[in-house]
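Encoded as structure tokens, the structure appears first; notes follow it.
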Amino acid sequence: GTGTQAGSAIIKGVIDGNALFNTAGLDSGRVVATGTLAMRSGPRNSTFVQVAGGALEAPAPGHEFDLGFELQPRLWGPHAFVGTRSFRATIEHRYFALPSVLDLVGIGIGAFFDYGGAWYAEQDVRLGGNTGLSLLFGSPLGSSAQLGHISAGYRFGGGLADTDARRWVVTAGSGIVF
1010 GTGTQAGSAI IKGVIDGNAL FNTAGLDSGR VVATGTLAMR SGPRNSTFVQ VAGGALEAPA
1070 PGHEFDLGFE LQPRLWGPHA FVGTRSFRAT IEHRYFALPS VLDLVGIGIG AFFDYGGAWY
1130 AEQDVRLGGN TGLSLLFGSP LGSSAQLGHI SAGYRFGGGL ADTDARRWVV TAGSGIVF
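For the sequence shown, position 178 (counting from the first letter as 1) is numbered 1187 according to this note's numbering, and the numbering increases by one without interruption.
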């Protein structure tokens, strides 16, 4: 991984991978590449852009890519996109209207657009997305930048049939870490 600062922006790139070889060749492996741009346009404003993709070969059961809920696209339920291939992209702007209420909690709002999915190599690519708004909250006393969120928005793609799927949804969970 590497990164640099350019004015009020931070640019970070990471390629993470491993492989196990035996006498027959590649037994199993994984590679994931992630690029992140974080910009701070004011003391209470932050914008994030992140793109990631990866591939797995013969993962252990339960170790496939598993997107949705706390991984983009965030308005989808757990296990919405599962597979050995993955792509995701997001852009999010956060504004912390009340950065420290009684020195206990910060409260902000965010606007986001996510797109991505996971699929198996022998299947067609399956992608979906969402766009919406979030109420963000977190403690300024914490040792990490972990946020909670209540998000509302619109889901699209991902194989949703218009007749049986909820496109407008509300979710709650921990904030997306960039």
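Built from N, CA and C at the ideal position, the CB exists for glycine as well.
On a predicted model such as this, the values are computed, not experimentally measured, just so you know.
Residue span of the beta strand (DSSP E) that contains residue i, given as start and end
i, result
"Thr1017", "Correcting the residue identity first, residue 1017 is Ser in this sequence and not Thr. Premise fails: Ser1017 is in no beta strand (DSSP E) and is neither H nor E."
"Phe1121", "Val1114 to Trp1128"
"His1102", "Arg1094 to Val1110"
"Arg1135", "Where Arg1135 is concerned, there is no enclosing beta strand (DSSP E), given that its DSSP letter is neither H nor E."
"Phe1187", "It is not in any beta strand (DSSP E) - Phe1187 carries neither H nor E in the DSSP assignment."
"Thr1045", "Gly1034 to Gly1051"
"Leu1065", "Asn1054 to Glu1066"
Cα-Cα separation between residue i and residue j, rounded to whole angstroms
i, j, result
"Ala1067", "Ala1098", "25 Å"
"Thr1013", "Phe1146", "28 Å"
"Gly1166", "Val1040", "26 Å"
"Ala1028", "Ile1118", "41 Å"
"His1157", "Ser1183", "According to the sequence as given, residue 1157 is Gly; it is not His. So the alpha carbons of these two residues sit roughly 4 Å apart."
"Thr1011", "Asp1025", "12 Å"
"Val1023", "Thr1043", "5 Å"
"Pro1108", "Trp1085", "28 Å"
"Asp1112", "Leu1144", "18 Å"
"Phe1074", "Phe1105", "32 Å"
"Thr1056", "Ala1064", "27 Å"
Whether residue i touches residue j by CB criterion (8 Å)
i, j, result
"Gly1092", "Tyr1129", "yes"
"Gln1081", "Ile1185", "yes"
"Gly1188", "Gly1141", "The structure shown does not extend to residue 1188, since the chain spans only 1010 to 1187, so no value can be given for it."
Coil, strand or helix - residue i by DSSP
i, result
"His1072", "coil"
"Leu1145", "strand"
"Leu1156", "coil"
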